[in-house]
Structures are given as structure tokens and as C-alpha cells.
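Written out below as C-alpha cells is the structure these notes cover.
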């Protein structure tokens, strides 16, 4: 009779084989084979239809699963739901959401895989009238930030699996980079690199295995308006595979229709050349998008993916002409003139916006008040930076330099001069008087 441990391990092997569709997956119970094979399943009908070529495309919320750096290009909040009908009744569903914020883009996702029951068998292949109940879940939190033409992103993931009464848990991380500064032949080219599933070992009972560490390097090129071509090299479990895909979009009235196709070499050796084919369609209307993907695994069957996405919120919440993703002053009042960073214009650089500046031509470096005018601490209408007598008493008439007037030039200010007509050059006392008669 088979031991419980062996039964559990064979259940994992069977599910792994159905998920990965590779002959080698049947050896999932062997030492060194990766745990949580469902992590290799592609998420999102659009990427799946394009042959899973998304490391360099990654321009929507599904970038979470392929290259988290792609989240930095989002201009609006996005939500996407995908439901995959896999082989032998296995279903895989996910929900992903992301939102641009001032410091970058944040996102999160939840995935759920259900085997629907895998029939038990012994080591001779004989089947029993009982099923294994197995399910997997994954939660993801994401962050990405753009640095000019370069974007960087990362995921933190919690993964859990339940098989009968046994469970397995793991934590993992992904990192990614995306560069969009290439312009060959005047066309937009994006290149990306991501490393996925770097984490703790996991397994049932006493068997522990590493997660399927995956490295993706890819590029997406707009060949001409409406046609996007993409290609990825994917390294996983000491195996390197080539993926290629394309997407053609065309607007028909208020609707954008997309046709997609791709090819991936992962299963070709075991299942034949046709197993690498992928295809799909997409429809975009207003802020809604619906996508479908088809993938044949020849004799094993066909898989289907359905996705629905929505974008919400404005690209430019304060309507200042600067997209949210680039706006450093997101709450600017309507009608205010702004600079390239979305902040109110300040032509004289005095830190008072032009729309509030009553002295718009103040010289650089001059201290100003809240109205943008040069400070005048003693209120004598001579700005502090020109005032040679900055502490003049209130109400005293001053000259252009901010000093009290001295009409007869005797050194006694008019406000204190009791003898205002003293002859020039006459010695005077503190009251401005002398023994000489004033000039007639």
C-alpha cells in the first residue's frame, strides 16, 4: 500500500504535469524540482494570446505578473480580472489592480487556482474512485517608479497551497526593469528584464523544493501604427525558451479591435510544434477592455483565458494639461497656468505663483511677502533691499534710499528739524538749529 507521503507527492506531480504540460513535470516529486508550478502560468488573456511576450511590452496592470516595472507607465487606475480554463477541469482566476500616485505606481493582485479534483492513482497507474482536493492562492503587492526613460519595479508575494489536510507556504519577490528610450527607425521600442519567484523553499510533509526561478528578457517594437511585435527569452528551471508574438489593432467607430497571435517553444519537444501556437482577440470600448486567448496543447487539450479590464479616473485630474503621472502639483486650481511639471508658473522665481503675484517682475533673490512684492519692514514704501534706513518710524517722509528727508542738508531729519531753513554748511544742534539766521 502506498504511504500518505508518496500519495501526496504523486498528486503534486500529476497537477504539476497538467499545469506545465511538460514530460519533466511528472518528476515533480524528485529532489530539486521546483514547488508551486502554478507560478509559471501566464496571467492575462492579452499576454497569453501574444505568446506570453510581455517583459518588454508590460503596459497595463497585468505587468504585475510579467515585469512589475511596467506599472510605472500607467496613467490611470486600472483593474483587471482573468479566468483561465485549464486542462482536466483546472481553473485559474486572478484579480489585479494598480494606481499611479505621486511617488510612483502601487498595485496588488490575488490569484486562486482550483484543480477541481485530481483522481487518485497508485504507482502502477491504477486509479481509485477518489479525488485529490488541491488549491493554490497567491497575494501580491507591487511598486514601480519611472526615472526618465527607465522604470524599475518590484513585487512581494505570499503563496499558499492546500492538498488534502496538508499545506505549504512560501514568500517570494520579483524585480524588473524597463527602458523606453530607444527609437530605431523613428519607432518606439521598449526593452525589459525581470527576475521572478526568488523566495523560500516550500513543499508538503517533509519534502521541500525551490520555487521556479524565472528570468525574462524581452522587447516590444511598434513596427507601424497599429502593429506591435514582441519577443521574449525565458529562462526557467535550467531551460531557455523563445517566445514571439504580435498584436494588430484597428479602430472601428468607437471600438478598438485587436487580433493577436504568438508562438512559444516551451512544450514543442514533448507535445509537438503545434503546441506552441497561441491566438486571441480583444475589444476595447471607452474605458473597458475584453480579451480572449486560446492555446492548444495538441492531444492534451485546449486552454482558454478570458479577461476583463477597466480604467478609471482621469489622466489629468486637475485638468492643467499635465498627466497625473508627471504632475508634481496635482491639485492646481482650474485655469491656472502651469509649467511642464504641472505647477503654477512663477516667472520671477520668488516662490509666489504668477496668478497670486502682485509684483510679477521682482528681481531674483529679493525677499518678498505673500503677495510676491519686495518686503518693506518699516512701511516707508522703499523695499528692504534698497532701504538704507530700514527702521524708519511709521509716518516719516523718506527719500529714495528710505532715509528721512533732510531738506536743508544739515543732518537733522525734517521730522526733527526745528530750524528747517538752516544755511548750507552751518553747524547745528540736535534740533537742527544754529546761531546763524536761515536763508531768506
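In our numbering, the protein residues as written are 81 to 520.
From the three backbone atoms N, C-alpha and C, an ideal C-beta is built for every residue, glycine too.
With 16 as the cutoff for other CB atoms within 10 Å, does residue i come out buried or exposed?
i	result
residue 496	exposed
residue 489	exposed
residue 189	buried
residue 249	exposed
residue 220	buried
residue 181	exposed
residue 393	exposed
residue 320	exposed
residue 474	exposed
residue 171	exposed
residue 509	exposed
residue 507	exposed
residue 414	exposed
residue 265	exposed
residue 306	exposed
residue 493	buried
residue 116	buried
residue 304	exposed
residue 229	exposed
residue 451	exposed
By DSSP, does residue i sit in helix, in strand, or in coil?
i	result
residue 356	helix
residue 170	coil
residue 348	helix
residue 378	helix
residue 85	In this predicted model, residue 85 has a pLDDT of only 49, less than 50, meaning its place in the structure is not dependable; the value taken from the coordinates is given anyway. Helix at residue 85.
residue 471	coil
residue 440	coil
residue 217	strand
residue 239	strand
residue 139	coil
residue 126	helix
residue 434	helix
residue 424	strand
residue 134	coil
residue 118	helix
residue 144	helix
residue 250	strand
residue 152	helix
residue 413	coil
Which whole-angstrom value is the C-beta distance of residue i and residue j, which I expect to be below 8 Å?
i	j	result
residue 28	residue 338	With the chain represented from 81 up to 520, any question about residue 28 goes unanswered, as that position is not in the structure.
residue 310	residue 136	6 Å
residue 484	residue 472	6 Å
residue 385	residue 138	At roughly 17 Å, the Cβ-Cβ gap does not stay under 8 Å, so residue 385 and residue 138 are not in contact.
residue 383	residue 129	With 8 Å as the limit, residue 383 and residue 129 do not qualify as a contact, their Cβ atoms being about 11 Å apart.
residue 387	residue 162	4 Å
residue 244	residue 213	6 Å
residue 131	residue 343	5 Å
To the nearest angstrom, report how far apart residue i and residue j are at their CA atoms.
i	j	result
residue 127	residue 412	37 Å
residue 143	residue 448	48 Å
residue 327	residue 267	16 Å
residue 178	residue 439	44 Å
residue 112	residue 421	Residue confidence is low: residue 112 scores 39 on pLDDT, short of 50, so the model does not pin down where it sits. No coordinate-derived value is stated.
residue 231	residue 352	38 Å
residue 402	residue 247	50 Å
residue 470	residue 478	11 Å
residue 312	residue 333	33 Å
residue 443	residue 459	20 Å
residue 446	residue 423	21 Å
residue 480	residue 416	36 Å
residue 186	residue 302	27 Å
residue 225	residue 140	14 Å
residue 323	residue 425	48 Å
residue 192	residue 396	34 Å
residue 375	residue 362	15 Å
residue 251	residue 399	42 Å
residue 347	residue 274	22 Å
residue 283	residue 263	46 Å
residue 174	residue 431	48 Å
residue 277	residue 119	8 Å
residue 498	residue 512	6 Å
residue 468	residue 456	12 Å
residue 281	residue 292	10 Å
residue 350	residue 290	24 Å
residue 331	residue 308	15 Å
residue 486	residue 429	37 Å
residue 109	residue 288	At residue 109 the pLDDT is 36, less than 50, meaning the model places this residue with poor confidence and gives no usable figure here.
Using a Cβ-Cβ distance under 8 Å, would residue i count as near chain C?
i	result
residue 369	Note that chain C does not occur in the displayed structure, where there is just one protein chain.
Does at least one heavy atom of the ligand NAD sit under 7 Å from the Cβ of residue i?
i	result
residue 423	Looking at this structure, you won't find the ligand NAD or any other ligand, since it has none at all.
Problem - Stretch-stretch touch, CB-based, cutoff 8 Å, three pairs: the stretch 252-268 with the stretch 148-155 - result: yes
Problem - Inter-stretch contact (C-beta, 8 Å, three-pair minimum) for the stretch 156-167 and the stretch 286-298 - result: no
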